[in-house]
Amino acid sequence: MLVRGNWIAVSRKRVLSMAESVIVIDVGSGTQDILLYQPERNLENCPKFIVPSRTQIVAAQIRKATVQGKEIFLHGHLMGGGACAAALKKHIGTGLRAYATSQAAVTFNDNLSQVEGMGIMLCEEAPESAIPIWMGDVDTFSLKQAFEAFSLDYPLKTAVAVQDHGFSVTESNRTLRFRLWEEFVLQGGDLRSLVFKQDIPEVYTRMRAVREIIPDAVLTDTGTAALLGIMADHYVKPRLNEGILAVNIGNSHTLVAAIRGERVYGLFEHHTSMVNVDSLANLIRRFQNAELINAEIYEQGGHGATLHPEMRPGWDFVVVTGPRRSMVKSLNWYEAAPYGDMMLTGCFGILAGMGIR
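Right, here's the structure in full:
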């Protein structure tokens, strides 16, 4: 079986020191936003990278093979789908074969029978005729090369955010993801409880796949990272006790949460491509009035909505972040940019969740 030609890490239990450098990676559908946190520097001066996400890179590799008329063999780890799934569908649609290991194949569906139904052939060894393509949300080999090119020391500690729908062979990704959010809200809504420094719950298979690549990594969801990042903004912090409505408009998903103090009282999540300024404003008004229900979002094609029984109308201060935030420019919501960098909102949120900032 093919393995990634980078390095094989050995897990060691380590306690993070506030004087320790950390590479922080917020993995999105379009970009991976990377911060090298160096405690001896102001955050504004820490090295930063905004580069294509791994799903975009894998998609490009699949498209290249399609143009060349070559079969492909996907190996490695579960990772984010999206762009790479779309490229794979087109590849198979041309009549070219696609092989995948069972571990890489769950990128496309948790149910391997459905994966095979897509036309993907499961095997654990690469056919000689196929081009091997490595799957994984974090490519440590390439990152180390980039750091070396800029004379930067690669840290011992890594923290990563990925969007994890959770694993279920029978339940849809949308349903499961929002059931997990609902449980979180009902159990107290403390975002820091979703930043996993030690054991990761078994349901979060995408996070656990990153741990296979980097055994000591801190993991969290991109939604959690974005909300914690919004809370870290200098203009937002003093308003947390009054309550805020945090809106993250990402390239693929839009997440909205009602937060007071350190607690999330409710949230809803939609696909960004399915909303516009008017429809999103209407959903947020209903959410502010504590009227929004799960079925309303789900039936539109979104993930869902969950409101704690104690959530009351209000939440007038709306703060927005994310690469697609310009969609709501006309609404004059406050645009969060913690430490002066909107694109690293998630990275700063991860640091906050680790207790560093």
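The sequence shown lines up with residues 12 to 368 when you count with our numbering.
Ideal Cβ positions, reconstructed from N, Cα and C, are used throughout, including at glycine.
Predicted model, so just to flag it, every value in this text is computed and none were measured.
Find the nearest neighbour of Gly-234 within the set Arg-108, Gly-87 and Asn-262, judged by alpha-carbon distance.
Here residue 234 corresponds to residue number 223 of the sequence shown, with the count starting at 1. The option with the nearest alpha carbon to Gly-234 is Asn-262.
Might you give, ordered along the chain, the residues of its own chain that have their beta carbon closer than 7 angstroms to the beta carbon of Val-286, omitting 5 neighbours on each side?
Locating residue 286 in the sequence shown gives position 275, counting from the first residue. Counting only Cβ-Cβ distances below 7 angstroms, and skipping sequence neighbours, we find Thr-265.
Output the distance between the C-alpha atoms of Gly-92 and Arg-274, rounded to the nearest integer angstrom.
Translated into positions along the sequence shown, residue 92 becomes position 81. Translated into positions along the sequence shown, residue 274 becomes position 263. Take the alpha-carbon of Gly-92 and the one of Arg-274: they are about 31 angstroms apart.
Quick one: Cα of Lys-373 to Cα of Val-78, how far?
Beyond the ends of the chain as shown, which are 12 and 368, falls residue 373; an answer cannot be given.
Distance, Gly-272 Cα to Lys-155 Cα:
The residue given as residue 155 occupies position 144 in the sequence shown. The residue given as residue 272 occupies position 261 in the sequence shown. One C-alpha to the other measures close to 38 angstroms.
Is it true that the CB of Val-267 sits closer than 8 angstroms to the CB of Leu-342?
Here residue 342 is taken as the residue at index 331 of the sequence shown, counted from 1. Here residue 267 is taken as the residue at index 256 of the sequence shown, counted from 1. When the beta-carbon positions are compared, Leu-342 and Val-267 stay at least 8 angstroms from each other.
Cβ distance (whole Å) where Ala-157 is taken to contact Ile-131 below 8 angstroms
For the purposes of this step, residue 157 is identified with residue 146 of the sequence shown, where counting begins at 1. For the purposes of this step, residue 131 is identified with residue 120 of the sequence shown, where counting begins at 1. That pair is no contact at about 31 angstroms.
Straight-line Cα distance separating Ala-237 from Val-38:
Residue numbering aside, residue 38 sits at position 27 when the sequence shown is read from its first letter. Residue numbering aside, residue 237 sits at position 226 when the sequence shown is read from its first letter. Linking Val-38 to Ala-237 through their CA atoms gives a straight-line distance of about 11 angstroms.
Buried or exposed: where does Gln-67 fall if 16 or more other Cβ atoms within 10 Å of its Cβ makes it buried?
By one-based count along the sequence shown, residue 67 stands at place 56. By the neighbour-count definition (other C-beta atoms within 10 Å, threshold 16), Gln-67 is a buried residue.
So for Lys-24, helix, strand or coil by DSSP?
The count along the sequence shown starts at 1 and reaches residue 24 at position 13. For Lys-24, the predicted model reports a pLDDT of 37, less than 50, meaning its position is unreliable and no value from the coordinates is stated.
With 16 other Cβ atoms within 10 Å as the buried cut-off, status of Phe-359
Sequence index remark: in the sequence shown, residue 359 carries index 348 (1-based). Label assigned to Phe-359: buried.
Going by DSSP, name the residue or residues bridged to Met-146.
The residue given as residue 146 occupies position 135 in the sequence shown. BP columns for Met-146 point to Gly-87.
Distance, Ile-260 Cα to Leu-239 Cα
Within the sequence shown, residue 239 is the residue found at index 228, counting from 1. Within the sequence shown, residue 260 is the residue found at index 249, counting from 1. Roughly 15 angstroms between the two C-alpha positions.
Need the endpoints of the alpha helix (DSSP H) that Phe-359 sits in, please.
Here residue 359 is taken as the residue at index 348 of the sequence shown, counted from 1. From DSSP, the alpha helix (DSSP H) with Phe-359 extends over 356 to 364.
Which stretch, first to last residue, makes up the beta strand (DSSP E) that contains Lys-168?
Counting from one through the sequence shown, the residue named residue 168 turns up at place 157. Where Lys-168 is concerned, the enclosing beta strand (DSSP E) stretches over 168 to 173.
Using CA coordinates, which residue listed in Arg-108, Val-117, Phe-84 and Ala-71 is at the minimum distance from Ala-98?
Taking the sequence shown and counting its residues from 1, one reaches residue 98 at position 87. Out of Arg-108, Val-117, Phe-84 and Ala-71, Ala-71 has the C-alpha closest to the C-alpha of Ala-98.
Going by the beta-carbon positions, is the gap between Arg-83 and Ala-109 smaller than 8 angstroms?
In the sequence shown, the residue the question calls residue 83 occupies position 72. In the sequence shown, the residue the question calls residue 109 occupies position 98. A small correction: the amino acid at residue 83 is Ile; Arg does not occupy that position in the sequence shown. Closer than 8 angstroms, so yes.
Which residues does DSSP pair with Ser-48 in a beta bridge?
Counted from its first residue, the sequence shown places residue 48 at position 37. According to the sequence as given, residue 48 is Tyr; it is not Ser. DSSP, once it has assigned bridges, lists Val-33 as partnering Tyr-48.
Report buried or exposed for Ser-370, applying the criterion of at least 16 other Cβ atoms within 10 angstroms of its Cβ.
Given that the chain is displayed from residue 12 to residue 368, the structure contains no residue 370 and the question cannot be resolved.
Assuming Lys-100 is part of the alpha helix (DSSP H), what are its boundary residues?
Sequence index remark: in the sequence shown, residue 100 carries index 89 (1-based). Unbroken alpha helix (DSSP H) run through Lys-100: 94 to 104.
Can you name the residues that DSSP bridges to Tyr-6?
The requested residue 6 is not part of the displayed model; the chain covers only 12 to 368.
Check whether the Cβ atoms of Leu-191 and Ile-211 lie closer than 8 angstroms to each other.
Locating residue 191 in the sequence shown gives position 180, counting from the first residue. Locating residue 211 in the sequence shown gives position 200, counting from the first residue. Between Leu-191 and Ile-211, the C-beta gap is not smaller than 8 angstroms, which leaves the two residues out of contact.
Checking 8 angstroms against the spacing of the C-beta atoms, do Gly-351 and Glu-55 come in under that value?
Position 340 of the sequence shown, counted from the start, is the residue given in the question as residue 351. Position 44 of the sequence shown, counted from the start, is the residue given in the question as residue 55. Going by beta carbons, Gly-351 and Glu-55 fall inside the 8 angstroms limit.
Taking all protein chains shown into account, decide if Arg-23 is buried (16 or more other Cβ within 10 angstroms of its Cβ) or exposed.
For the purposes of this step, residue 23 is taken as residue 12 along the sequence shown, with counting starting at 1. Any reading at Arg-23 must be qualified, since the residue scores a pLDDT of 34, below 50, and its modelled position is unreliable; the value itself is stated next. In this structure Arg-23 is exposed. Its beta-carbon is surrounded by fewer than 16 other beta-carbon atoms within 10 angstroms.
CA-CA distance, Gly-325 and Met-354?
As a working note, residue 325 is residue 314 in the sequence shown. As a working note, residue 354 is residue 343 in the sequence shown. If you take the alpha carbons of Gly-325 and Met-354, they lie about 28 angstroms apart.
How would you call Phe-152, buried or exposed, if buried means at least 16 neighbouring beta carbons within 10 angstroms?
As a first step, residue 152 is located in the sequence shown; it is residue number 141 there, counting from the start. Under this definition Phe-152 is an exposed residue.
Residues bridged to His-282 by DSSP?
Indexing the sequence shown from 1 puts residue 282 at position 271. The partner list for His-282 (beta bridge, DSSP) reads His-264.
Give, in chain order, every unbroken run of the alpha helix (DSSP H) that is at least 4 residues long and sits entirely within the segment 214 to 242.
Correct list: 216 to 224 and 233 to 242.
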